[in-house]
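In our numbering, the protein residues as written are 3 to 89.
Below, the structure written as structure tokens:
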């Protein structure tokens, strides 16, 4: 799970495993408390859910989507530059 957050004081600088969760019979999964705190998630926050290749799911706050999009575009641009150097 990849979750983008503005909470820089508690958000780890790289991917962090917060534990596991179980999908219930209604398709719901609980985000671990430590992850909710680190991401600044509160009851009622709306999340966008993205299905990604490799069986991954990405979550982001709806309010953070534009920041998420800009970060991803920058990362993809940097990857493209590195690939062009190789080719």
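We put the CB at the ideal spot given by N, CA and C, even for glycine.
Consult DSSP for residue i and reduce its assignment to one of helix, strand or coil.
{"i": "residue 42", "result": "coil"}
{"i": "residue 29", "result": "coil"}
{"i": "residue 21", "result": "coil"}
{"i": "residue 55", "result": "helix"}
Can you name the start and end residues of the alpha helix (DSSP H) that residue i belongs to?
{"i": "residue 76", "result": "67-88"}
Do we get a CB-CB distance below 7 Å when we pair residue i with the residues of chain C?
{"i": "residue 24", "result": "Included in the structure is just one protein chain, with no chain C present."}
Relative to the C-alpha of residue i, which residue among the options is closest?
{"i": "residue 45", "options": "19, 78, 63, 84", "result": "63"}
{"i": "residue 71", "options": "32, 50, 41, 84", "result": "50"}
{"i": "residue 43", "options": "66, 30, 88", "result": "66"}
{"i": "residue 47", "options": "81, 33, 53, 58", "result": "33"}
{"i": "residue 38", "options": "23, 79, 29, 28", "result": "23"}
{"i": "residue 40", "options": "29, 19, 55", "result": "19"}
For the ligand GDP, is there a heavy atom less than 6 Å away from the beta-carbon of residue i?
{"i": "residue 64", "result": "As presented, the structure is devoid of all ligands, the ligand GDP included, so that no description of it is given."}
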